[in-house]
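Worksheet: one structure, shown below.
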Amino acid sequence: APRLTAVGWAPSGGRAFAASASDCRAREALVYIHGFNCAADDAAKRFAQLLALGRFPPHIVPLCFSWPTGAIRTYFVAARFAQGHAVAADLRATLRALRESGVRELHVLAHSMGAAVLAAAIG
Numbered sequence: 001a002p003r004l005t006a007v008g009w010a011p012s013g014g015r016a017f018a019a020s021a022s023d024c025r026a027r028e029a030l031v032y033i034h035g036f037n038c039a040a041d042d043a044a045k046r047f048a049q050l051l052a053l054g055r056f057p058p059h060i061v062p063l064c065f066s067w068p069t070g071a072i073r074t075y076f077v078a079a080r081f082a083q084g085h086a087v088a089a090d091l092r093a094t095l096r097a098l099r100e101s102g103v104r105e106l107h108v109l110a111h112s113m114g115a116a117v118l119a120a121a122i123g
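Its first residue numbered 1, the sequence shown is counted upward by one per residue in UniProt numbering.
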């Protein structure tokens, strides 16, 4: 069976991503917000797998928004962090930068506690 391998990922702020989205004239983006106990590289791999197997149109620019999560022992700390001001402000800044870059259609896929991050950002 074919195997999907993520070669790597590079962290970037919302503005850096927005600049790259602007360079490719993207007008549609999909933002994935991972859930609890998911490292950034694992989130990128899962998102890449979804994109590959889901047969998304190539004009949709993918963005994986990662936030600090923890292990099972730190669940309640991570839950508070997910609903905190800093993470919400970062997500809002990322979404604003995408809009300013020309993205007009935005899809957000939030998994598990990632939905709390999204709710804190738009609430």
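All C-beta atoms in this analysis are idealised placements derived from N, C-alpha and C, irrespective of residue type, glycine included.
Please work out which residues of its chain come closer than 6 Å, Cβ to Cβ, to residue i, disregarding the five sequence neighbours upstream and downstream, and give them in chain order.
{"i": "R104", "result": "R27"}
{"i": "residue 132", "result": "With the chain covering only 1 through 123, there is no way to say anything about residue 132."}
Can we count residue i as close to the ligand GDP, meaning its CB is less than 6 Å from some heavy atom?
{"i": "A29", "result": "Absent from the structure shown: the ligand GDP. Ligands present: none."}
Should residue i go down as buried or exposed, given a rule of 16 or more other Cβ atoms within 10 Å for buried?
{"i": "H59", "result": "exposed"}
{"i": "I122", "result": "exposed"}
{"i": "L95", "result": "buried"}
{"i": "A43", "result": "buried"}
For the alpha helix (DSSP H) containing residue i, name the first residue and the last one.
{"i": "A97", "result": "H85 to E100"}
{"i": "F65", "result": "Unbroken run through F65 is the beta strand (DSSP E), I60 to F65; no alpha helix (DSSP H)."}
{"i": "F47", "result": "A40 to G54"}
{"i": "G114", "result": "G114 to I122"}
Which stretch, first to last residue, makes up the beta strand (DSSP E) that contains residue i?
{"i": "A29", "result": "E28 to I33"}
{"i": "V108", "result": "E105 to A110"}
Just to confirm, is the Cβ distance from residue i to residue j under 7 Å?
{"i": "I33", "j": "F65", "result": "yes"}
{"i": "A88", "j": "A115", "result": "no"}
{"i": "V61", "j": "A29", "result": "yes"}
Starting from the C-beta of residue i, find all residues in its chain whose C-beta is less than 7 Å away, skip the five residues before and the five after it, and write them out in chain order.
{"i": "R92", "result": "A121"}
{"i": "L50", "result": "none"}
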